[in-house]
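For reference, the structure discussed in these notes is given below.
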Amino acid sequence: MPDARLESRLGGLPGRSSATETGTKWAAISAFWREYPHLMRKRALDALEAMSSARPLREDAPARAGESLGSARAHDSLLADLTDAQREAVITTEGPLLILAAAGSGKTRVITRRIAYLLAQGVPAWQILALTFTNKAAGEMRQRVEQLLGEDGGDAGAPRGLTISTFHALCARLLRRFAPLMEGRPGWSLRADYSIYDSDDQQSLMKRVISEAGLQTSNWPPRTILAGVSAAKNRLQGPSDFAEMAKQSGDFFARTTARLYESYEKALRQANAVDFDDLMLLTVRLLRDSEEARRQVQERWRYLMIDEYQDTNHAQFVLSTLLSVGAVAPDGRTLPPNICVVGDPDQSIYGWRGADISNILEFEAQYPGTKVIALGQNFRSTAPILAAAGALIRHNKRRKHKDLFTKRPGGAKPHVILCADEHHEADVVLGWLKGLIAAPSEGEPPPTWKDMAVFYRNNFLSRVVEDALRRAGIPYIVARGTAFYQREEVKDALAYLRLIANPADEVSLRRIINKPARKIGNSTIARIENFAAAERITLLEAMRQVERAPGLTTAAGSAVRRFLSLIDAWTGGGSFLGQGVPESLADLVGRVLAESGLEAHYKRTSEISPGDEEGSDKYANLRELVSSARDFEEEYDAAADPAQERVGADAAPPPLLAMLRAYLESVSLVADADTIDPAAGAVTLMTLHAAKGLEFGAVAIVGLEEGLLPGQRAMEAQDGVEEERRLCFVGITRAMRHLLITSAARRTSRGLIERTIPSRFLDELPKEQIEVVDRSEEFGEAHDELEASGWGRSAADRRPARRASNGSASSGGSTAARSTGKAPAEAPFPVGAKVRHPQFGVGTVASFQGRGVNLRAVIEFRDVGTKTLVLQYARLQQVE
DNA sequence: TTGCGATCCCTTTTT
DNA sequence: GGGATCGCAA
């Protein structure tokens, strides 16, 4: 420990954040404790006292910080190459611990060492629970722990019983295991064979719910409703709580959402399915309501660690309180829980998804006696890059101030290049990447493609960059949208499997009932549906009684029966026993693919359009699914399957069915981010969100423009810009040695060329630490010509005055999103004008909103009421 | 019932 | 520019 400099221990309580938010948070917490007094721990005073005695209160507790240092050789190697602060974080094993781990401060290293240290202290592996947000993070953590243990000459390989899992996977397991305990409770209808719906499934379900409620999906977009539902679930609000809230606010939209939430929930339960948010919400309910489940969970896990704590939402916060109950000391006192959270408020970028940054800002207040350790030394980036990141993030108001620092001198200045348009921008990025390869800096390892990444705010920005890279023959991978298990053909196959595992799963049934086409068309389905509704039976059950359904032709009836016999052949009529039933999972998957006709269907479509790479991939993907099932089968350990440890009275499911359920669960919880593979020999393209937790030698961030970064919607939300700034900060701090930031003066969006305003974040970078080059005039002529040739409107119409392009004014200027009583200059007609819409008829223009291509008119139609229309699309005609 | 083409509407970020 | 939906023809 050569460096005596202490960077740890931010003393005292965090600066007060907004008083109201703190207030509601506390109200929620105290209401929670009031409701569940049996969970009540000895509160602040007791806890503080216990902490201040600063020695183990339990016989078997590991020694506290410092006392046993150096006593065991294993510890030396675990602690050797750590800073003082890092070491402190590793050896503080007891009580609540908050580790503020700045970007690049060796967070993962600390967590994995801490787990290894706990094990070395003799803590049984099964008492340790580490939670992450992605499978990838969990996998890496496990791997690195195994590595550490291997090096130490201990038993190599995974310590049995150590739980490192994502929140979602943990909840899925707990629900599957403990669902039988909840059977028969009012309002609980989930069985252990439930399906997990991803966002596609959610949407198709919500679509149906909306139309069954007699509403138009055009007026009530499923996405928007689902966002409201998701937010409610993240706050642990059920349909009735939400309805109550909506009633009080008197908001029509909220009231309708509440109604749809209730029906959606009913439909989910009918399908014996849960969505992602339910996993958390229902687990909280389970642990609150079932004493038995709670006892088992709390007796097992004694050391809880949570990674990326700044991204937890309210449900996850409550879940963590339920999982982390302090042990009882020999003298009968309750000890503070051993909960260790790691995070960085400056990297909180999931507020829009319900992440509650106050969970980390107020951790100390929530857990009295918390020890706080700040890791501020950065081991990743060069000084100029850190300076840029630090200068940017200092513009955030709501923030615990802390500066990143590095001990390594030198490094190239980050480049900022202003480009003419997005094609120019892509060329600039391309040239920069090539330049790094061609002329590597001295004293650095020569960079390769895999050390480089391009980040952007929105997925659609990747296209132009992709095109440029492809043309230049540079290998690249896009970490994007469609993970393997989300692809159309794979989801089709999984839908068959899910139907087998959970016959109530209507979303899956509807997906594949006529795919590939087997003459069960919409009218047939509608008739069966009516029959099912009348008889109050599931869709599948209605199909089984198809001869009783009215109005069906014999041809339709036999098509339905053929479908059913297909399913029954795979499952042995549901028993999974007897002749002809597949013996292995891979066997089952293979037969489903072949006999359903899916395989032939996709093989055929790939032969029809052989030029289509996507098409021919689909068949290969289906084959790939079979081998994924085989892999799963080999690794599957029935004894370790939580669903196999029966806690209720039910008989165990047939082994194949149990394995199938476990398989489906595992594939449902795979996310896009998990597929990112920095080891591939290619430039990585990804969103800024996906970049969190990664690092690259060289990073380019494109599209630094108002409306893009910060994004339009974020700018309208409260504290939205601060989150966007953090997002930008995350991007910058991924870069180890080289950083390029670009913006384009013009950008084509929705087929229209638009002038842009450089992002305010560019102004916030430290001028003397970066190199700015303005190349936005290059190629200007060519594009002006193009621009002038296109559209019916005059050039002036399409050019909203560019506000102080370089400027100081960018912060104060009012963005024109608000509705105005006056018509903007580019509006084709004045307020009060009479217009005709092809569909809505005649109306009067009340006001305008937005500008440029987003210029919208609020029009009071004579017949259909008030509508807000985007002028560019509305095809309005002025009438005299 | 199926499949294709015209047409409408729109663009965050993801477990 | 593109994805989803709808209507129409076979």
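Take any residue in the first sequence, note its place counting from 1, add 34, and you have its number in my numbering.
Glycine residues also receive a C-beta, built at the ideal position from the N, C-alpha and C atoms.
Please report how far the alpha carbon of I471 lies from the alpha carbon of D501, in whole angstroms. So the alpha carbons of these two residues sit roughly 20 Å apart.
Looking only at DSSP bridge pairs, what is Q411 linked to? Its beta-bridge partners are F439.
For G737, which option in M749, T721, E750 has the closest C-alpha, if you only look at C-alpha atoms? Checked all of M749, T721, E750; the closest Cα to G737 is T721.
Other residues of its chain near D437: CB distance less than 8 Å, five sequence neighbours each side excluded: A distance below 8 Å between beta-carbons, with the five flanking residues on each side excluded, links D437 to the following residues of its chain, in chain order: G410, G424.
Between E299 and the rest of its own chain, which residues show a CB-CB distance below 6 Å, the 5 nearest in sequence each way excluded? Hits under 6 Å: P273.
Short of 8 Å in beta carbon distance, which residues of its chain neighbour L152, apart from the five on each side in sequence? Order them along the chain. Cβ-Cβ distances below 8 Å link L152 to P96, T127, I162, Y337 in the same chain, with the five nearest sequence neighbours on each side left out; the list follows chain order.
If I measure Cβ to Cβ from V701 and keep anything under 6 Å in the same chain, skipping five residues before and after, which residues do I get? Taking C-beta separations shorter than 6 Å and ignoring five residues to either side along the sequence, the partners of V701 in its chain run Y519, following chain order.
Would a C-beta distance cut-off of 8 Å place L743 and E758 closer than the cut-off? Yes, Cβ-Cβ distance for L743 and E758 is below 8 Å.
Taking the C-alpha atoms as reference points, what is the distance between V450 and P418? Roughly 13 Å between the two C-alpha positions.
Using alpha carbons as the reference points, say which of F286, T168, R695, A114 lies closest to L535. This sequence places Ala at residue 535; Leu is not what is there. The alpha carbon of A535 has as its nearest neighbour, out of F286, T168, R695, A114, the alpha carbon of R695.
Do you know how far the Cα of I766 is from the Cα of A171? So the alpha carbons of these two residues sit roughly 20 Å apart.
May I have the straight-line CA-CA distance separating L426 from E522, to the nearest angstrom? Their backbone Cα atoms lie some 41 Å apart in a straight line.
Whose CA, out of F730, A213, F167, lies closest to the CA of F201? Taking the Cα of F201 as reference, the smallest distance to any Cα among F730, A213, F167 is reached at F167.
Ignore the nearest five residues each way along the sequence and tell me which others in G826's own chain have a CB closer than 7 Å to its CB. Confidence at G826 is low in this model, with a pLDDT of 28, below 50, so its placement is unreliable and no value can be given for it.
Thinking just about the alpha-carbon of each residue, which of Y295, Q282, A732 is nearest to the one in V263? Comparing Cα-Cα distances from V263 to each of Y295, Q282, A732, the minimum goes to Y295.
Cα-Cα separation, A349 to R570: Taking the Cα positions, A349 is about 34 Å away from R570.
Between V308 and Y231, is the Cβ-Cβ spacing less than 8 Å? Yes. Within cutoff.
Please classify T605 as buried or exposed, where buried requires at least 16 other C-beta atoms within 10 Å of its C-beta. Result: buried.
Among A422, P537, L690, which residue has its Cα nearest to the Cα of A620? That would be L690, whose Cα lies nearest to the Cα of A620.
In terms of DSSP beta bridges, what is E805 paired with? DSSP, once it has assigned bridges, lists H449 as partnering E805.
Going by CA-CA distance only, name the one from G360, A266, L420 that's closest to A288. Ranked by Cα distance from A288, the first of G360, A266, L420 is A266.
Touch test, the region 657-669 against the region 552-563, Cβ-Cβ under 8 Å, three pairs minimum: With fewer than three CB-CB distances shorter than 8 Å, the region 657-669 does not count as touching the region 552-563.
Assign E729 to one of three DSSP states: helix, strand, or coil. DSSP places E729 in coil when its eight states are reduced to three.
Figure out for me which residue from M693, K726, H429, D461 has the closest Cα to the Cα of F489. The shortest Cα separation from F489 among M693, K726, H429, D461 belongs to K726.
Just tell me which of E788, W483, V806 has its CA closest to the CA of L796. Answer by Cα proximity: V806.
Could you pull out every residue in the same chain whose Cβ sits closer than 6 Å to the Cβ of K281, ignoring the five residues on either side in sequence? For K281, where only same-chain residues beyond five positions count, there are no Cβ hits under 6 Å.
Between the region 241-249 and the region 329-343, do three or more beta carbon pairs fall short of 8 Å? Pairwise C-beta distances place the region 241-249 out of contact with the region 329-343, as fewer than three of them are shorter than 8 Å.
If we ignore side chains and look at the alpha-carbon of each, how far apart do W483 and K447 end up? Each residue's alpha carbon lies about 21 Å from the other.
Assign I511 to one of three DSSP states: helix, strand, or coil. Taken through DSSP and simplified to helix, strand or coil, I511 comes out as strand.
Just the C-alpha distance for P792 and R780, rounded to the nearest angstrom, thanks. Within the model, the alpha-carbon separation for P792 versus R780 is close to 10 Å.
Secondary structure, beta strand (DSSP E): runs of 3+ residues fully inside the region 506-577: Complete beta strand (DSSP E) runs here, min 3: 510-513.
By DSSP's criteria, C374 is part of a beta bridge. Which residues make up the other side? Beta-bridge pairing links C374 to L131, M339.
Run through the region 713-789 for me and flag every whole beta strand (DSSP E) of 3 or more residues, listed as ranges in chain order. Runs of the beta strand (DSSP E) lying entirely within the region 713-789, each at least 3 residues long, are 717-721, 730-735, 769-778, 780-783, 786-789 in chain order.
So S810 and L452 are in contact, right, with Cβ under 8 Å, and what is the actual spacing, rounded? Taking C-beta atoms under 8 Å as the contact rule, S810 and L452 qualify, at a distance of about 5 Å.
DSSP beta-bridge partners of P792: Per DSSP, E739.
DSSP beta-bridge partners for A307? Per DSSP, the beta bridge partners of A307 are S229.
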